[in-house]
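Q: In our numbering, the protein residues as written are 19 to 347. The beta-carbon is built from N, C-alpha and C at its ideal position, and this holds for glycine as well. I'd like to ask some things about the structure below.
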Ligand SMILES: NC(=O)c1ccc[n+]([C@@H]2O[C@H](COP(=O)([O-])OP(=O)(O)OC[C@H]3O[C@@H](n4cnc5c(N)ncnc54)[C@H](OP(=O)(O)O)[C@@H]3O)[C@@H](O)[C@H]2O)c1
């Protein structure tokens, strides 16, 4: 069977995890045919590790390689131009979160994906984890009744080093786009579009949100309380509370091994531990391969509309807390 040929843009930390997990896809042999790096050294380091055929530092040459799909894992502010270049060459794209830094850029990419009939998906890998599928199954089985609230955070205390992307506005820094996107995604997946958004943030001297909190209200008497932070380390929470019970994701956002806890109020508590090979990128990657084989331009599980909904919320939050990526907006 012919291998599925990947091109990788940005051979950093997450691209290494992604590449490692390709070994757990068994349906089709996986190969990384080309890598586009910032420097030849980092490209060659990656290519040695994963037996990549070709290393490039020029995107035009990289795009001349015959590829089945490209995975983009550069800092956020590069995603738009790199995804656009791939789509213009009709090469399917899996792009790390956040897929772009704002709605305007995203709408442009979605239009291009439709015009070129080329697959595009945001790499919201948690969407495809068995733990999230189990949450959706439990909700479908009406175990907790109507959802009343989603409470979630992602707080990770990053070293305050201006050279890293977290605090650098020119690389799309800030807690919301890097970390807060996971809680915003969970709320959007489960509750849809909010009718009101209220946000507060601690903004750094560089002008990025070091910590951010969001309160959203939905029709049908539902709400979400979300938080992200680059300056505190706290217990991570992802909890869905309903009329009859609640579901807690016990190790958000890696999920393994604790899995889920389902509690029916004052009755039973049930645990659903999780275990899979590697970090779990193979679930997302498997979906991409399947969609491309079926000649889809979007995944039914992580559709363009869901990325757009999340991006619109993040735009509104940034508007309220006055965080602007001046170089790009
Ligand atoms: N799905 C997840 O769980 C997850 C987790 C972490 C991050 N992410 C996302 O993935 C992206 C990358 O994060 P990371 O933590 O992997 O960052 P990282 O370790 O800094 O990796 C970024 C890579 O991109 C390279 N790069 C920079 N500019 C480039 C260019 N113009 N062309 C090609 N390569 C370039 C960097 O090379 P140099 O080092 O040589 O500059 C580095 O190899 C971010 O958008 C982040 O939000 C996702």
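1. Use the C-beta contact count for residue 25: other C-beta atoms within 10 angstroms, 16 or more gives buried, fewer gives exposed.
2. On the three-pair Cβ rule with 8 Å, is the region 106-115 touching the region 52-72?
3. Could you round the C-beta distance between residue 149 and residue 278 to whole angstroms and report it? I think they count as a contact, below 8 Å.
4. When you compare each of 194, 216, 210 and 120 to residue 249 by their alpha carbons, which one comes out closest?
5. In angstroms, rounded to a whole number, what distance separates the CA positions of residue 342 and residue 285?
6. State the DSSP-derived secondary structure class of residue 159, mapped to helix, strand or coil.
7. Across which residues does DSSP place residue 141 in a beta bridge pair?
8. Classify residue 320 as helix, strand or coil using the three-state DSSP reduction.
9. DSSP three-state call for residue 241: helix, strand or coil?
10. In the DSSP assignment, the beta strand (DSSP E) including residue 214 goes from what residue to what residue?
11. Just to check, is the beta-carbon of residue 93 closer than 7 Å to a non-hydrogen atom of ligand 1?
12. For residue 210, does the three-state DSSP call read helix, strand or coil?
13. Among 294, 276, 280 and 273, which one has its Cα closest to the Cα of residue 265?
14. Once you ignore the five residues that flank residue 208 on each side, which residues in its own chain have a CB closer than 7 Å to its CB?
15. Using only alpha-carbon positions, find the residue among 215, 287, 228 and 219 that is nearest to residue 237.
16. On a CA-only basis, which of 274, 283, 37 and 227 is nearest residue 161? Give me that one, please.
17. Quick check on the DSSP output: what are the complete alpha helix (DSSP H) runs of length 4 or more inside the region 257-328, in order along the chain?
18. Could you tell me the distance, in whole angstroms, from the CA atom of residue 78 to the CA atom of residue 56?
19. Quick check: does the Cβ of residue 79 come within less than 7 Å of any heavy atom belonging to ligand 1?
20. According to the Cβ coordinates, are residue 191 and residue 226 closer than 8 Å?
21. Would you check whether ligand 2 has a heavy atom nearer than 7 Å to the C-beta of residue 178?
22. Would you please state the rounded distance, in angstroms, between the beta carbons of residue 292 and residue 318? I believe it to be under 8 Å.
23. Hey, out of 30, 340, 313 and 302, whose CA is closest to residue 142's CA?
24. For residue 134, is the beta carbon positioned less than 7 Å from some heavy atom of ligand 1?
25. Any heavy atom of ligand 1 closer than 7 Å to the Cβ of residue 37?
26. Just the Cα atoms here: how many angstroms apart are residue 92 and residue 304?
A: With the given structure in hand:
1. buried
2. no
3. 6 Å
4. 194
5. 48 Å
6. coil
7. 114
8. coil
9. strand
10. 214-221
11. yes
12. coil
13. 280
14. 165, 168 and 258
15. 215
16. 283
17. 299-311
18. 14 Å
19. no
20. yes
21. Absence of ligand 2 is noted for the structure shown, with ligand 1 being the only ligands found.
22. That belief does not hold up - the Cβ atoms of residue 292 and residue 318 are roughly 23 Å apart, past 8 Å.
23. 302
24. no
25. no
26. 21 Å
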